[in-house]
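K.L.:
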Amino acid sequence: MAKKKTGELIAEWLEEFGAENGYELARTEYVKEGGQRYLRVYVDKLEDGGYGVMGTDDCEIVSRYLSDKLDEADPIKENYVLEVSSPGMDRPLLTEKDFKRFMGSVVDVKLYEAIDGRKLLTGELTGYKDGEITIKDEKGKEIILPKGRAAKVNLAVIF
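Sequential numbering of the sequence shown, starting at 3, is according to the numbering used here.
1) At a cut of 8 Å, does the segment 41 to 55 reach the segment 95 to 102 through at least three beta carbon pairs?
2) Counting only the same chain and skipping the five closest in sequence on each side, list residues whose C-beta sits under 8 Å from that of Ile226.
3) Can you tell me which residues form a DSSP beta bridge with Ile145?
4) Alpha carbon to alpha carbon, what distance is there between Tyr25 and Asp50?
5) For a test of the three-state rule: what should DSSP assign to Arg27, helix, strand or coil?
6) Which residues in the same chain as Tyr32 place their Cβ atom closer than 6 Å to its Cβ, once the five residues preceding and following it in sequence are excluded?
7) Between Tyr130 and Pro89, is the Cβ-Cβ spacing less than 7 Å?
8) At which residues does the alpha helix (DSSP H) containing Asp100 begin and terminate?
9) Can you tell which of Ser107, Lys141, Arg151 and Leu27 has its C-alpha closest to the C-alpha of Lys47?
10) Do Val109 and Ala152 have their C-beta atoms closer together than 7 Å?
11) Let me know the alpha helix (DSSP H) ranges lying completely inside the segment 8 to 85, each 4 residues or longer, listed in chain order.
12) Tell me whether the beta-carbon of Lys112 lies closer than 7 Å to the beta-carbon of Lys154.
13) Whole angstroms are fine: how far does the CA of Glu35 sit from the CA of Glu74?
14) Round the Cβ separation of Val83 and Leu68 to the nearest angstrom and send it over; I've been treating them as touching at under 8 Å.
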């Protein structure tokens, strides 16, 4: 049997633990920064059939659980720091589930190539189908673009 990737293991572990304790995995990343490796796990809190606020106590609960599971399975041989946090207010939209969940929200879309002289589009997410993102910009213009043209799609932070 092929060895599972760390992200797949975390997804498996959090599926059952999350269902029992009200958490849902948003994404994982394993990065090297300044000579240190980080395993970052972004988690949403589930409340009353929707999403709630992921507080520091919640992060600690998930971190302790994952730390024990990671120590037991030992899928990463080098030293690393485990960080558990909320995906944040400006969370990236990566999956179809993300796009559907945040339909109607304002998003920032950073493009690889400019459209109408702009590499950053901001607007309401009005559609996601067959890998195409539809947003309505601040002037009410509907823009449809393949997800592959977008370098990043994040929820816009509006104050």
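Every residue, glycine too, gets a C-beta built ideally from N, C-alpha and C.
P.N.:
Working from what's here:
1) no
2) The structure shown does not extend to residue 226, since the chain is modelled only from 3 to 161, so the question has no answer here.
3) Along the sequence shown, read from residue 1 onward, the residue named residue 145 stands at position 143. DSSP output for Ile145 lists Ile137 as bridge partner(s).
4) Along the sequence shown, one-based indexing puts residue 50 at 48. Along the sequence shown, one-based indexing puts residue 25 at 23. Rounded to the nearest angstrom, the two C-alpha atoms are 12 Å apart.
5) Residue mapping note: residue 27 aligns to position 25 of the sequence shown, counting from 1. A small fix is needed here, since residue 27 is Leu in this sequence, not Arg. The answer is strand: DSSP assigns Leu27 an E or B state.
6) By 1-based counting over the sequence shown, the position of residue 32 is 30. If we look at Tyr32 and ignore the five residues flanking it on each side, its Cβ neighbours are Leu41.
7) The residue labelled residue 130 in the question sits at position 128 within the sequence shown. The residue labelled residue 89 in the question sits at position 87 within the sequence shown. Cβ atoms of Tyr130 and Pro89: not closer than 7 Å.
8) Within the sequence shown, residue 100 is the residue found at index 98, counting from 1. Per DSSP, Asp100 belongs to the alpha helix (DSSP H) from Glu98 to Arg103.
9) In the sequence shown, counting from the first residue as 1, residue 47 sits at position 45. Checking every option, the nearest Cα to that of Lys47 belongs to Leu27.
10) For this step, residue 109 is matched to residue 107 along the sequence shown. For this step, residue 152 is matched to residue 150 along the sequence shown. Result no, Cβ atoms of Val109 and Ala152 do not sit closer than 7 Å.
11) 8 to 23 and 58 to 75
12) Along the sequence shown, one-based indexing puts residue 112 at 110. Along the sequence shown, one-based indexing puts residue 154 at 152. Cβ atoms of Lys112 and Lys154: closer than 7 Å.
13) Counting from 1 along the sequence shown, the entry for residue 74 is found at position 72. Counting from 1 along the sequence shown, the entry for residue 35 is found at position 33. Computed Cα separation, rounded: 25 Å.
14) Here residue 83 is taken as the residue at index 81 of the sequence shown, counted from 1. Here residue 68 is taken as the residue at index 66 of the sequence shown, counted from 1. In fact, because the Cβ distance is near 12 Å, the residues do not count as touching under 8 Å.
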